[in-house]
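Accompanying notes for the structure given below.
In this note's numbering, the protein residues as written are 77 to 215.
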């Protein structure tokens, strides 16, 4: 019986270590670094995007996504709470009031067959980083 308990403990330890991550030792990228890698930086806060039509979206982390409008404007969406499931969602939708996207609207998706429903806390315009300003700082 002792061998079986010891064996189970070793197997459990390996499984937990595998779940801990890739083991690269590098910290995850910050939101600012993720945006910079796309050539963008966070701009002004936006309370309402009138006539918003979703063209594409990118998962950034559990509390942020980047959305692009049909006319090519990019926005950073920040959720009230972590929005679990978006990382594996194929598509998203949003609630809206009269064709606008605003704070307190919701991002909707399905992940592994389960509904995902996340309330928007903030919206920020995303601005391209100037080629003359490689660090993404305002001049």
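Beta carbons: idealized from backbone N, C-alpha and C, even for Gly.
Practice prompt. Assign residue 111 to one of three DSSP states: helix, strand, or coil.
Written response: Residue 111: helix per DSSP, three-state reduction.
Item to complete: Could you tell me whether the stretch 163-175 touches the stretch 100-113, where touching means 3 or more Cβ pairs closer than 8 Å?
Response: Not touching, per the Cβ criterion.
Discussion item. Residue 122 and residue 200 - do their beta-carbons sit closer together than 9 Å?
Written reply: Yes, they are a contact pair.
Practice prompt. Taking all protein chains shown into account, decide if residue 141 is buried (16 or more other Cβ within 10 angstroms of its Cβ) or exposed.
Written response: buried
Worksheet item: If you check the beta carbons only, do residue 104 and residue 137 fall under 9 Å apart?
Response: yes
Worksheet entry | Chain-order list of residues whose beta-carbon lies under 8 Å from that of residue 148 (same chain, five-residue window excluded) | Annotation for residue 148: 131 place their beta carbon closer than 8 Å to its own, counting only its chain and skipping 5 residues before and after.
Fill in: C-beta atoms of residue 116 and residue 135 nearer than 9 Å
no
Worksheet item: Is the beta carbon of residue 195 sitting closer than 9 Å to the one on residue 128?
Response: no
Practice prompt. Taking residue 183 as part of the beta strand (DSSP E), name the residues at either end of that continuous run.
Written response: In this chain, the beta strand (DSSP E) harbouring residue 183 covers 182-187.
Discussion item. Helix, strand or coil, according to DSSP, for residue 154 in the structure here?
Written reply: strand
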